[in-house]
Every structure is written in structure tokens, then in C-alpha cells.
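So the structure is just underneath, and the comments pick up after that.
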Amino acid sequence: MPTPVLHRTRTAAPDPGPLLDLVRAVAADTAAWRPHVRFDARQRCWSRLLQTDDVDLWLLTWLPGQQTSLHDHGESAAAVTVLTGTIEEVRADRDGTLTREHLTVGDTVWVPQGAVHDVAHAGAGPAVSLHAYSPRLTRMTYYDVGRHGLRAVRTVEDDQPEHEETP
Ligand SMILES: [Fe+2]
Numbered sequence: 060m061p062t063p064v065l066h067r068t069r070t071a072a073p074d075p076g077p078l079l080d081l082v083r084a085v086a087a088d089t090a091a092w093r094p095h096v097r098f099d100a101r102q103r104c105w106s107r108l109l110q111t112d113d114v115d116l117w118l119l120t121w122l123p124g125q126q127t128s129l130h131d132h133g134e135s136a137a138a139v140t141v142l143t144g145t146i147e148e149v150r151a152d153r154d155g156t157l158t159r160e161h162l163t164v165g166d167t168v169w170v171p172q173g174a175v176h177d178v179a180h181a182g183a184g185p186a187v188s189l190h191a192y193s194p195r196l197t198r199m200t201y202y203d204v205g206r207h208g209l210r211a212v213r214t215v216e217d218d219q220p221e222h223e224e225t226p
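Here's what the structure looks like:
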């Protein structure tokens with residue numbers, strides 16, 4: 060598995076290049092991720108594939124009906140790529156405008172620090188995706204959309220990725 064080399068300081072936003080390169084390289088190395096794929100209809104599954112001082116890399120699986128809710132990644136930025144199936148990513152502007160995109164195998168997106176999004180299963184079959192976070196994920200804030208735009212409703216201090224909000 061490649062070890063990402065990030066070019067940033069502690070106070071600067073991460074450079075998208077190394078994280079995007081990382082998820083693409085791991086996606087191409089089927090033996091690195093295939094053994095970690097498992098599905099559970101009761102809850103989504105995630106497995107950490109790599110952790111360095113600056114990066115967490117997680118494999119997530121998605122069955123019909125499984126999704127997160129609107130959230131940010133705290134101080135972390137993220138690169139996401141789809142390994143199998145289809146997922147839907149929803150981005151939310153501060154005014155609450157939602158933009159939806161279906162991502163299929165090989166599609167890779169950058170989620171900047173502060174971006175608010177939601178990820179859901181889409182399409183017919185199971186889906187698998189890779190999510191690399193830098194700095195390492197430590198906090199997620201969840202949002203809803205009200206009359207006045209996005210509203211933060213809960214912040215969770217956790218290093219687990221993309222989990223459902225648990226009130
Ligand atoms: Fe996310």
C-alpha cells in the first residue's frame with residue numbers, strides 16, 4: 060500500500076493531489092481492499108486500511124437505504140473514490156442549496172475542509188468506496204437545512220468516518 064506524502068503545514072489546508080493519488084492507487088490495488096469488504100444490512104460497515112500521522116484511509120460499504128446525514132469533517136479534507144457500485148454525494152451550500160451527484164466506479168471527488176455533504180447508497184447493487192482524510196478525522200458536525208440555510212445540530216468528537224448521527 061502506498062504511503063502518502065503530504066505537503067502541508069499544521070495550519071494549512073491539505074493539498075488535494077496526494078490524497079487523490081492515494082485513493083486512486085489503492086483503488087487500483089484490488090488485493091489491498093477486497094479482503095476488507097463486508098456488508099451488513101443492519102448498519103454500514105467501515106474498515107481502516109491505513110493510518111499515518113496525517114492521513115486516515117477507510118473503506119466503506121453501502122447497501123440500499125444506507126446513508127450518512129449532512130455533515131462536515133471538522134478540520135479534515137477528504138478524497139473519495141468509488142470501488143464498486145454507485146453512491147450519491149450531496150453537497151450543501153451555506154444557504155441550504157443541495158447539489159446531488161451520482162458517483163460510479165472510478166469517480167473520485169475532493170471534499171475540502173469545511174464542505175458539508177451527505178453520502179448515500181445509489182443504484183441497484185452494493186457499493187464500496189474509499190475515503191481518505193487529512194488531517195486525520197477527529198470531529199464531525201451534523202447539519203439540517205432550515206428556512207435560513209444550514210444549521211449545525213450536533214458535533215461528534217470521533218475518528219470514525221461517515222457514521223450516522225446518533226442523538
Ligand atoms: Fe463525509
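Count the sequence shown with this note's numbering and you get residues 60 to 226, in order.
C-beta atoms are modelled at their ideal positions from N, C-alpha and C, and glycine is treated no differently.
Item                                                                                                                                                : Value
What does the alpha-carbon distance come out to for the pair T167 and V82?                                                                          : 8 angstroms
How about the region 186-196 and the region 137-152: do they share at least three Cβ pairs that are nearer than 8 angstroms?                        : yes
Would you mind giving the Cβ-Cβ distance between E147 and H161, rounded to the nearest angstrom? I have them listed as a contact below 8 angstroms. : 5 angstroms
For G208, write down the residues that DSSP places opposite it in a beta bridge.                                                                    : G205
What separation, rounded to the nearest whole angstrom, lies between the Cα atoms of T143 and P77?                                                  : 22 angstroms
Identify the residues that DSSP records as bridge partners of S193: which are they?                                                                 : A136
Let's see if you can read the secondary structure: which residues bound the alpha helix (DSSP H) around T89?                                        : 89-92
Looking at the secondary structure, which residues open and close the beta strand (DSSP E) in which V96 lies?                                       : It is not in any beta strand (DSSP E) - V96 carries neither H nor E in the DSSP assignment.
Do W92 and P220 have their CB atoms nearer than 8 angstroms?                                                                                        : no
Using 7 angstroms as the cut-off, classify the Cβ of V178 as near or not near the heavy atoms of ligand 1, replying yes or no.                      : yes
Identify the residues that DSSP records as bridge partners of L119: which are they?                                                                 : W105, S188
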